[in-house]
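Here's the structure we're looking at; comments come further down.
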Amino acid sequence: MNAAIAHPFAGRAKPVYLNFALKTFQSQAAYKFEYFVGVFNGLLYVFIFTSLWSAIYSGLQSGSDTPFTRAGIITYAVFAMICRISMTMEDTEISSRIRSGDIAMDMTKPVNFFLMNLSQTVGVTMFHWFTRVTPILLACFLAFDLEVSLEPARMAAAVCAWAMGYFVFFLLNFAFALLAFWFVETFSFQLTKYALINLLSGAIIPVDFFPSRLRPFMEMLPFQYIFYTPTAVFTGHLAWPETVRLMSLQAVWIAILGLLCSVMWRSAQRKLVVQGG
Amino acid sequence: MNASIYWALLMASIKAKMEYRATFIFFLFALIFFYAAQIGTVLVVMSKFKSLNGWSIGEMAFLYGLLSFSQGLTMLFFSSLNNFETFIMQGTFDRFLTRPLNPLLQTLVAGFEVSSVAHFFIGTAGLWFGSRYAGVEWTGLKLFFLALVITGAALIQGGVRIAVSAVAFWTTRNRSLVHTIVYSSKEFVMYPITIYSLWVQVFLTVVFPIAFINFYPSHYFLSRDSSAILLDPVLQYLTPLVGVVIFGLAYALWVAGVNRYQSAGS
Amino acid sequence: MSGAIIKVENLTRQFAMSEGRSGFGGSILNLFSRRHFMKKAIDNICFDVGEGEFVGYVGENGAGKSTTIKILTGILTPTSGRAQVAGIVPYERRPDNARNIGVVFGQRTQLWWDLPARESFDLLRSIYKIDDATFRKNFDELSDALELGPLLSVPVRKLSLGQRMRCDIAAALLHAPRALFLDEPTIGLDVIAKDQVRKFLRRANKENGATIILTTHDMDDIEALCERIIILDEGKVAYDGSTEKLKDDYAREKLLEVELSDASPELPALPKVEVTRREGNRVWLKFSQDDVTAQEVISRILGACAVNDISIHEPKVGDIVRKIYSSGLLKHPVAT
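Chains A, B and C supply the protein sequences, listed in that same order.
In short: position in the first sequence from 1, add 7, done, that's this note's numbering.
In short: position in the second sequence from 1, add 4, done, that's this note's numbering.
No gaps in the numbering here: position 65 of the third sequence is 49 in this note's numbering, and each next residue is one more.
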């Protein structure tokens, strides 16, 4: 082999899951149009919800008792939406691969299916951080009066809460995606999931606004730990005791959902009926 | 003769959908649940705050109900446009062009979306609750105008979808655009547009007139103070007209797109 | 046969099926009840594949080919019976089995759609943990043999079917698997691409000793590549033996095409030989090897007429297999 021409595979092999994340990142970059639409969409939603909250709060008499100040709720709305955008996950791919039988390709490889999906999702997330979260974050700082204290301990907790919220979300999505092994049409399940997330995860309304009778039930569901907890920790809305409590509950849900996914996956493998092909 | 062909295609579509039995019913319920949750988010807030820019809970429910019901009508006819880019990419549209039938009609009939039933359900619920809580008095005239408004609103939404689909004739891939325009625009008018800044309100009235779907006509039904309406109180009556105009423009764009598609090849 | 790479013992797999009624009224009734029954996709099949064999695995649609392959690649579990690939039970130790096998599905690609082929190879290198030297060597060989050079930086979605198939085959062989499973690899390829693929597979088998199982409907593939053929019919093995023997056993008839110098000479007496066609100078003669040998027939003709050209038409595997299907399950499945 001519030494002057570098071999296309010079250098060492990358660790497999890191490689998956990188390749997913690269393939996202292939769709340029998606950048702009994604950013535009995100900004649109931030605009709608901040307008909504401003309007709601402007109708209030001063001194009335609410869990947030006007500035506080605007800050919450912005960061909740950014949190949501930062955790955008592709949740139909696994199901469609199961239905089409393409999943057979994945299963003839000596890789851990769960880790492979996690690394691919992380790849997409990295991409979204670069292309969507960053511009939207900048735009929001310029457009709104956001009250965020960058106290290090709180920031560290927020990062941790974000990571845990990400895991809760990933595990939830993974569990729902696996349903495709048992059901031909899983869209109804996905719809139900979306409904519950829209309502209960804190992406649009912070948990504080729900009637106090419902709060205990909401705490027993995983949803508020996805967006509400990280956002509330980040914006300083929660006192430390509450922060610690909610973050521990995040961890609990990661364990519960992790167990669920593991049971489902083992069960799916045992069933192993690959449709199509 | 043509009508029976369309009918046959429609029947084939429905039959295909009915193959999925219990999942079908479940799907409808899931869809209803989803949209209920969607408006539920706002109603939760409203229950605490009582009014949004001068709109009570009942009026908000009416606003949403009108949007939802007209969306049901839209979905009934235009839902196959959601996947239009696949028709182009897989050559299905080419097959439509080779048949002696209108390609738009064929596209529309190709994907009959039975889920529109869910929208009708939610829409009716919204309209019913809304008119009860807001104390709307229904006269024959109002009901007649409601029918016109819903048709007009469906024409607006249908027109928007046709226009956005037509973009695929130029750019081939338009899925994210479809998603943004069709779904995000719905989010905009779920709330009274007065919550937005002035230039956005103007935009939603003149440039991308989706405010005519539910916001302006609601003033008429809810007997709201029409002097507060941007530009002119007459806007509350204009929905049917706007619907026809938008639909006409969208269809013109579609025809231009088909011509371009045929001359450019794929 | 000891030292067999693939061992299949009494493998059976059932599926639960449901049947609906037809018609519009029927589709409404289907909402309430459907008929359920069990169907055996494969029924008690047994075979061994030794190292370096090139086996054709054929059967009509629904005969059970894909089911067997799915079991051997670990993505399906059998209802009863046992299978082993390189000493590992595929559906019990899927990741370990995965390291030993390479799979090419003709209609699906394992390459990443949006990225250049090179990226997929890089990913596979990580997945199979191939050490650098081995990887480079394997890649170079495959790249040369399949002429992948210009294709490496092209996004896979832009490759033609033939180009993509070459990349898919390379991808399956990068980690030097002990067994290669090919499912319809030449489907949809043009004549030149098919030829390229076949040449490569033949080399891989003859020179590198690759063990290959080929599932295909294309009988020319089998004719060109497989010295052994296993025919499945309705879930059972109908034939398992060398392709030569298949022809010998089941195609006793040969067709002789003779071009005579004269337009209509008198043909000699040819007992048990049927003249199927005459066209100008040409005569087609059909006879069974059981009755008379080709040698006898030819020598009789040569003795009696002036002949320009003679050709013997060998029965083609495709014709034989088709005949086997149309006559139903064989009474005496033959095995070597």
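By construction, the Cβ of each residue, glycine as well, lies at the ideal position given by its N, Cα and C atoms.
Predicted model, so just to flag it, every value in this text is computed and none were measured.
Cβ separation of residue i and residue j, assumed to be a contact under 8 angstroms, to the nearest whole Å
i, j, result
"K49/C", "T199/C", "5 angstroms"
"E141/B", "M79/B", "Their Cβ separation, rounded to whole angstroms, is 30 angstroms, which puts E141/B and M79/B out of contact at 8 angstroms."
"L159/B", "V248/B", "6 angstroms"
"A34/B", "L198/A", "4 angstroms"
"N84/C", "R162/C", "5 angstroms"
"V291/C", "V242/C", "6 angstroms"
"V69/C", "R212/C", "17 angstroms between Cβ atoms; not a contact."
"A170/B", "L101/B", "That pair is no contact at about 14 angstroms."
"L136/C", "A101/C", "5 angstroms"
"R91/A", "F234/A", "6 angstroms"
"F174/A", "I261/A", "5 angstroms"
"L269/C", "L244/C", "Incorrect: roughly 12 angstroms between the Cβ atoms, too far for contact."
Paired residues, beta bridge with residue i - DSSP
i, result
"V87/C", "F165/C"
"D217/C", "K220/C"
"W59/B", "L56/B"
"Y41/C", "T199/C, I214/C"
"T227/C", "Looking at the DSSP assignment, T227/C forms no beta bridge with any residue, so it has no partner."
"M1/C", "F21/C"
"V(-8)/C", "F31/C, A67/C"
"K238/C", "F271/C"
"S295/C", "E241/C"
"I26/C", "R(-3)/C"
"E192/A", "Looking at the DSSP assignment, E192/A forms no beta bridge with any residue, so it has no partner."
"V257/C", "F271/C"
Contact set between residue i and chain A, taken where Cβ atoms lie within less than 7 angstroms
i, result
"Q322/C", "Residue 322/C is absent from the model: chain C starts at -15 and stops at 320."
"S110/C", "A20, K21, P22, V23, N26"
"N57/B", "A62, G66"
"E103/C", "K30, Q33"
"R78/C", "M114"
"R83/C", "P117"
Contacts of residue i in chain B (Cβ-Cβ under 7 angstroms)
i, result
"I55/A", "E191, F192"
"V44/A", "S180, L181, T184"
"I212/A", "T45, V48, V49"
"L5/A", "Only positions 8 to 284 of chain A appear in this structure, which leaves residue 5/A out of reach."
"A158/A", "Note that residue 158/A corresponds to Glu in the displayed sequence, not to Ala. The premise fails here: E158/A is roughly 29 angstroms from chain B at the closest Cβ pair, so nothing lies under 7 angstroms."
"I89/A", "Ordered by position in chain B, no residue passes the 7 angstroms Cβ test against I89/A, which lies about 17 angstroms from the chain."
"A202/A", "F37, F38, A41"
"L51/A", "S188"
Chain A residues whose Cβ lies nearer than 9 angstroms to that of residue i
i, result
"D197/C", "Looking at the sequence shown, residue 197/C is not Asp but Ile. In chain order: nothing, as chain A lies at least about 13 angstroms away."
"L99/C", "K30, Q33, S34, A37"
"Y137/B", "What Y137/B touches in chain A: nothing, since even the nearest Cβ is about 18 angstroms away."
"T57/C", "A111, M114, T115"
"I136/C", "First, the residue type needs correcting, since residue 136/C is Leu and not Ile in the sequence shown. Per Cβ cutoff of 9 angstroms: P15."
Cross-chain neighbours of residue i in chain B, by beta carbon under 9 angstroms
i, result
"L67/A", "F53"
Chain C contact residues for residue i, given Cβ-Cβ distances below 9 angstroms
i, result
"H14/A", "R120, F123, D124"
Residue i: contacting residues in chain B (beta-carbon distance under 8 angstroms)
i, result
"N124/A", "Residues of chain B passing the Cβ test: none, with the nearest at roughly 22 angstroms."
"A146/A", "By Cβ distance, chain B contributes nothing, its closest Cβ being about 15 angstroms from A146/A, past 8 angstroms."
"F217/A", "V48"
"T199/A", "A34, F37, F38"
"F47/A", "T184"
Beta-carbon neighbours of residue i, restricted to chain C and to distances below 8 angstroms
i, result
"V175/A", "Chain C residues near V175/A: none, gap ~27 angstroms exceeds 8 angstroms."
"V270/A", "None at all; the shortest Cβ gap to chain C is about 18 angstroms."
Contacts that residue i makes with chain C (C-beta to C-beta distance below 7 angstroms)
i, result
"V118/A", "I111"
Interface residues of chain A facing residue i [CB-CB closer than 8 angstroms]
i, result
"D174/C", "What D174/C touches in chain A: nothing, since even the nearest Cβ is about 23 angstroms away."
Where residue i meets chain E, residues with beta-carbon distance less than 8 angstroms
i, result
"S169/B", "Absence of chain E from the displayed structure is noted, the protein chains being A, B and C."
Next on the checklist: In chain order, what are the residue ranges of uninterrupted alpha helix (DSSP H) at least 4 long that sit wholly in the stretch 32 to 117 of chain A?
Outcome noted: 39 to 65, 77 to 93, 100 to 107, 110 to 114
Next on the checklist: With three or more beta-carbon pairs closer than 8 angstroms as the criterion, would you say the stretch 214 to 225 of chain A touches the stretch 58 to 67 of chain A?
Outcome noted: no
Item to check | In chain order, each beta strand (DSSP E) run of at least 3 residues that lies wholly inside the stretch 99 to 179 of chain C | outcome: 163 to 167
Next on the checklist: Please give me, in chain order, every unbroken run of the alpha helix (DSSP H) with length at least 4 that falls completely inside the stretch 181 to 226 of chain B.
Outcome noted: 189 to 193, 202 to 206, 215 to 225
Checklist entry - Quick one: any contact between the stretch 186 to 204 of chain C and the stretch 231 to 251 of chain C, if contact means 3 or more CB pairs under 8 angstroms? => result no
Next on the checklist: Give the list of continuous beta strand (DSSP E) stretches no shorter than 3 residues that lie fully inside the stretch 40 to 77 of chain C.
Outcome noted: 64 to 69
Checklist entry - Does the count of Cβ pairs from the stretch 145 to 159 of chain C and the stretch 105 to 123 of chain C closer than 8 angstroms reach three? => result yes
Next on the checklist: Measuring CB atoms only, is the stretch 111 to 131 of chain B touching the stretch 202 to 219 of chain B, in the sense that at least three cross pairs come out at less than 8 angstroms?
Outcome noted: no
Checklist entry - Unbroken alpha helix (DSSP H) runs of length 4 or more, entirely within the stretch 200 to 268 of chain A: which are they? => result 222 to 226, 235 to 241
Checklist entry - With a cut-off of 8 angstroms, do at least 3 Cβ pairs link the stretch 190 to 202 of chain B to the stretch 44 to 63 of chain B? => result yes
Checklist entry - Is the stretch 38 to 54 of chain B close to the stretch 45 to 56 of chain A, with three or more CB pairs under 8 angstroms? => result no
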